[in-house]
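Peer 1: Structure below; questions to follow.
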Amino acid sequence: MPKGSLGIKSFLYSQTVAPYIFILPFLLSFLIFFLYPTINTVYMSFHEVYGMGNMNFIGLSNYQRLFNQNFYDAIRTNTLYTFFLIIILIPLAILFATLLNIKYLRGRNFFKSVLFIPALTSIIVAGVAFRLLFGESEAAFMNSILIRLGFPAQRWAFSHSTGMLLMVSLATWKMVGIYMVYFISGLQAIPEELYESAEIDGANSISKFTRITLPLLKPIVIYALTIIIFDGYRMFGESYVFWNEGMPGNIGLTIVRYIYQQAFQRNDMGFGSAIGIVLLTIVLTINLIQLRFFGAFKKEE
Amino acid sequence: MKKRLALLLAIVMLASMLLTACTAPDTTPKTPGEDKGKDESKAAEPTPLNFWVFEELHVAFYKDALNSWNEANPDRPVELVVESYPNAEMHNKLLIAIQSGVGAPDIVDININYFANFLMGDIQLAELNRVVDPVRQYFVESRFDIYSKNGKVYGLPTHVGATVAYYNMEILDKAGVNPDDIVTWDDFIEAGKKVKAATGIPMIAFEVSDQRPFWPMIVQRGSDYLDKDGKVILDNDINIDTLNRMYEMMYEHEIAVAMPGGKSWAEEFFPFMNSGGAASIVMPMWYMSRFLAYMPDLEGKIVIRPMPIWEEGNTRSAGIGGTGTAVTLQSKHLDLAIDFLAHAKLTKEANIRIWEMLKFDPPRWDVWDAPQLQEPHPYFGNEKIFNVMLQMKDEISSPNISDLSAAAQDVVKQNVMFRALHERSMTPEEALKAGAEELRSLENK
């Protein structure tokens, strides 16, 4: 047993204590900013938080209230949005990555930067630009193109289909650069010899792509899928920039916007918390299914 | 329990402050124009009062009130630290500050759409009866009711918001229509058909992602979204009939269109109206300021008349919209804040300034015949605007405000109007029934 009189020095040099001191900052921020709010959210979701500081236990009734058309609309928006992001973003990013990975392509770095820069802009700033591009008047950029091509002008933010188009195109424009970078790093990890031996066996470029490149990119694809599903279900900004105080007919009502609306605009924190918990459950479930489906949990052979 | 919530909310606020890098409310005053006040009041050190507004236009008005307060009260000078935020953002910030018990300003402008949220539970706003009761008789009474609960007033009105019809005379003249002949909505429809035939221009534009003129139309018929006790009456016969008539104006008589951008404050709407896109709109008096600011080409062409009525016994106006200025209980200078606020909003002079600076219809009717308000306005057909107001002084009813008000307005704005009038995925009756159903589920929770 160490003697207590050795004091601070032995405490700091102790092999068992020191690691904890090093992780303390993280631990504290985790406990205060993550664990405590999470527990409190669960707690509030079973209460009616009525007015300023009055709480009243109401069991599951916040959760029962979730069975309503608005919540279904929100889930539908998120699901469609995630689905479109997956089928557009991943192939597009792979395409860009493959093209920009060709060694003899001129101006490679220039194009890489151009595609990556949108990822650095704020979603709100980008959204304002998109809102102007997709303005309702005939003079707005997209409408003026449509009119040149002989189509009628659109009221983009006023129907479900064009509303979805707005959100997906904004997200794609902003995120494709990041996913492209992921895929480029994946491509560069593929050993050159594989392609060389395939060439000797007489494989053409297409079969090299489908037989070598795609299978070896699978870990990156799984990673990208996981992140997109998370991003898709917790989407807020893409919808907020187009309909900032409320949207007609629930166009662009996502789960997080529903939380925002109920908790802050209608002062119903308990119900807002319940929606948050359900969102967490939905995302976890989908991701677990997806990871299992792609065999991410299988042991390395 | 309260403490727990308080800590959580404080953390959320701190985090959001760090993330958005917005200025904290208690930063040192940096507002210009304060120096004058200081010089005049060497006797006492000015007391700083924090003030949040969500409408930039109001800032100059309060700065003006500040100067006159400091002149009149050299022994109790005030220094106003005004912060202006976007509408929804300011109310979220205020809600969090009030729930967590720290960080709220002394005085705050609260939009009527959100006011009910702050009258729930233990009310954290100061009771203002002390300053309201002595002058109550001079005010349009219903404007205090909307900021009151159980007889106690918690907010001071900024305007009456009396709904009127704004007619574009250039278009009406082409069709030979005289707006003074339009008394009922049936007259309005007939006039609309003439205008449409003569010019091809629609008679009126409706909001389809906001609630006007539907709300004033049902309030003038004595209906509302919620009744006096806060029960949902959104799907009653009057409301269904009114929305049906609006639908007919749009799709059968074809004299009405949806506003571009869906609402009267959308950036797409102003150029539409400015270039003569519709012959009239029905909006509250405060919309005059929007005409002046955003539609310069209509100068001299717009005249203001009372709303048409549906049937005998209807009122010719309804007080819609509003900003209630409140003092929060977190204020360290409660009495001073209340006295300053009374000075800024309840006196005769203040009400004249409301018209002069903001172009709103002041809630104190005994100034409506003051010379400043009686001056003919060149933009609005060189007419004495407030004569219209004086005619209908006793006909300005205001909506009922209770716990569900914010939700009811949300439902109407976001779902009912859009589904019934624009998307047409539901009939007016179905849309109102669905909206009422949703509200009733909140009522019973």
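In the order they appear, the protein sequences are chains A and R.
Heads up: the first sequence runs through residues 1 to 301, numbered per our numbering.
Heads up: the second sequence runs through residues 1001 to 1445, numbered per our numbering.
The beta-carbon is built from N, C-alpha and C at its ideal position, and this holds for glycine as well.
(1) Would you kindly report the start and end of the unbroken beta strand (DSSP E) that includes A:Leu35?
(2) Quick check: what's the CA-CA separation for R:Ala1279 versus R:Phe1270?
(3) Taking all protein chains shown into account, decide if R:Asp1133 is buried (16 or more other Cβ within 10 angstroms of its Cβ) or exposed.
(4) Given R:His1091, which residues of its chain have a CB within under 8 angstroms of its CB, disregarding the five upstream and five downstream residues?
(5) What's the call for R:Asn1351, buried or exposed, on a 16-neighbour Cβ count within 10 Å?
(6) Runs of 4 residues minimum, wholly inside the region 1330-1401 of chain R: which ones carry the alpha helix (DSSP H) assignment?
(7) Compare the C-beta of A:Gln265 against all C-beta atoms of chain R and say whether one is closer than 8 angstroms.
(8) Under the three-state reduction of DSSP, which class applies to R:Leu1125: helix, strand or coil?
(9) Under DSSP, the alpha helix (DSSP H) around A:Ile23 begins and ends at which residues?
(10) Quick one: residues in its chain with C-beta nearer than 6 angstroms to the C-beta of R:Lys1149, no 5 flanking neighbours on either side, listed in chain order?
(11) Can you give the Cα-Cα distance for R:Met1392 and R:Ser1317, rounded to whole angstroms?
(12) Under the three-state reduction of DSSP, which class applies to R:Met1120: helix, strand or coil?
(13) Would you kindly report the start and end of the unbroken beta strand (DSSP E) that includes A:Val181?
(14) Could you tell me whether the Cβ of R:Ala1407 comes closer than 8 angstroms to any Cβ of chain A?
(15) For the region 1383-1391 of chain R and the region 1171-1183 of chain R, state whether three or more C-beta atom pairs, one from each stretch, are separated by less than 8 angstroms.
(16) Which word fits R:Gly1103, buried or exposed, when buried means at least 16 other C-beta atoms lie within 10 angstroms of its C-beta?
(17) Mind pulling the chain R residues with CB within less than 9 angstroms of A:Asn78?
(18) Would you call the region 1411-1429 of chain R and the region 1198-1218 of chain R in contact, with 3 or more CB pairs under 8 angstroms?
(19) Quick one: Cα of A:Arg108 to Cα of A:Leu100, how far?
(20) For A:Asn244 and A:Tyr195, I'd like the C-alpha separation in whole angstroms.
(21) Would you tell me roughly how many angstroms separate the C-alpha atoms of R:Gly1435 and R:Lys1231, rounded to the nearest one?
(22) Between which two residues does the alpha helix (DSSP H) harbouring R:Tyr1294 extend?
(23) Taking a Cβ distance cut-off of 7 angstroms, strictly less, list which residues of the region 1116-1127 of chain R are near chain A, in chain order.
(24) A:Ser137 versus chain R: which residues are under 8 angstroms apart at the beta carbon?
(25) Is R:Asp1109 helix, strand or coil by DSSP?
(26) Against chain A, with Cβ distances strictly below 8 angstroms, would R:Met1001 count as a contact?
(27) Name, please, each residue of chain A whose Cβ falls closer than 7 angstroms to the Cβ of R:Asn1092.
(28) Which stretch, first to last residue, makes up the alpha helix (DSSP H) that contains A:Ile255?
(29) Taking the alpha carbon of R:Thr1323 as the reference point, which residue from R:Val1303, R:Leu1432, R:Ile1107 has its own alpha carbon closest?
(30) Cβ atoms of R:Leu1156 and R:Lys1345: under 8 angstroms apart, would you say?
(31) Mind checking if R:Phe1418 is an interface residue toward chain A, Cβ cutoff 8 angstroms exclusive?
(32) For a minimum of 3 consecutive residues, which ranges assigned as the beta strand (DSSP E) are wholly contained in the region 1221-1309 of chain R?
(33) Let me check one thing: in DSSP terms, what residues is A:Met55 bridge-paired to?
(34) Below 8 angstroms on the Cβ atoms is my guess for R:Gly1381 versus R:Met1169; work out the distance and round it to an integer in Å.
(35) Could you please tell me which residues of the region 241-265 of chain A, in chain order, have their CB closer than 8 angstroms to any CB of chain R?
(36) Taking 8 angstroms as the CB-CB cut-off, is A:Arg65 touching chain R?
Peer 2: For this structure:
(1) Note, A:Leu35: premise wrong, no beta strand (DSSP E); not H, not E.
(2) So the alpha carbons of these two residues sit roughly 14 angstroms apart.
(3) R:Asp1133 is exposed by the Cβ-count criterion.
(4) Excluding sequence positions up to five before and after R:His1091, its CB lies within less than 8 angstroms of the CB of Phe1054, Ile1110, Asn1111, Tyr1114, Asn1117, all in the same chain and listed in chain order.
(5) Counting Cβ neighbours within 10 Å, R:Asn1351 comes out buried, since at least 16 surround it.
(6) 1334-1345, 1348-1353, 1371-1374, 1385-1391, all fully within the region 1330-1401 of chain R.
(7) True, the Cβ-Cβ gap to chain R drops below 8 angstroms.
(8) In the structure shown, the three-state DSSP call for R:Leu1125 is strand.
(9) Per DSSP, A:Ile23 belongs to the alpha helix (DSSP H) from 18-30.
(10) Short of 6 angstroms from the beta carbon of R:Lys1149, and not among the five residues preceding or following it, lie these beta carbons of its own chain, in chain order: Leu1119.
(11) Cα to Cα, the separation comes out at about 7 angstroms.
(12) Residue state, collapsed to three classes: coil.
(13) That residue, A:Val181, is in no beta strand (DSSP E); its alpha helix (DSSP H) goes 160-188.
(14) For R:Ala1407, the answer is yes, since a Cβ of chain A falls inside 8 angstroms of its Cβ.
(15) Note that the region 1383-1391 of chain R does not touch the region 1171-1183 of chain R; fewer than 3 beta-carbon pairs, one per stretch, sit closer than 8 angstroms.
(16) With 16 or more Cβ atoms within 10 Å of its Cβ, R:Gly1103 is classed as buried.
(17) Within chain R, no residue comes near A:Asn78; the closest Cβ sits about 18 angstroms away, beyond 9 angstroms.
(18) The answer is yes - the region 1198-1218 of chain R touches the region 1411-1429 of chain R, with three or more Cβ pairs under 8 angstroms.
(19) Taking the straight line joining both Cα atoms gives about 6 angstroms.
(20) Answer to the nearest angstrom: the Cα atoms are 51 angstroms apart.
(21) Pairing R:Gly1435 with R:Lys1231, the inter-Cα distance amounts to about 13 angstroms.
(22) First-last of the alpha helix (DSSP H) with R:Tyr1294: 1288-1294.
(23) If you check each beta-carbon in the region 1116-1127 of chain R against every beta-carbon of chain A, the ones closer than 7 angstroms belong to Asn1117, Met1120, Gly1121, Asp1122, Gln1124.
(24) Ordered by position in chain R, the residues that pass the 8 angstroms Cβ test against A:Ser137 are Pro1260, Glu1268, Pro1271.
(25) Looking at R:Asp1109 - three-state DSSP - the assignment turns out to be strand.
(26) With a pLDDT of only 47 at R:Met1001, under 50, the local geometry of the prediction cannot be trusted, and the value read off the model is given with reservation. Interface residue, yes.
(27) Within chain A, the residues near R:Asn1092 are Phe264.
(28) That run of the alpha helix (DSSP H) goes 255-260.
(29) Nearest C-alpha to R:Thr1323 among R:Val1303, R:Leu1432, R:Ile1107: R:Ile1107.
(30) Taking C-beta atoms as the reference points, R:Lys1345 and R:Leu1156 count as a pair closer than 8 angstroms.
(31) Yes, R:Phe1418 lies at the interface with chain A (some Cβ there is under 8 angstroms from its Cβ).
(32) Assignment of beta strand (DSSP E) within the region 1221-1309 of chain R, counting only whole runs of 3 or more residues, yields 1256-1258, 1280-1284, 1302-1306 in chain order.
(33) In the DSSP output, where bridge partners are listed per residue, A:Met55 has A:Val49.
(34) Right, the Cβ-Cβ distance comes to about 6 angstroms (below 8 angstroms), so this counts as a contact.
(35) Residues passing the 8 angstroms Cβ filter: Asn244, Glu245, Gly246, Met247, Pro248, Gly249, Asn250, Gln261, Phe264, Gln265.
(36) At a cut-off of 8 angstroms between beta carbons, A:Arg65 contacts chain R.
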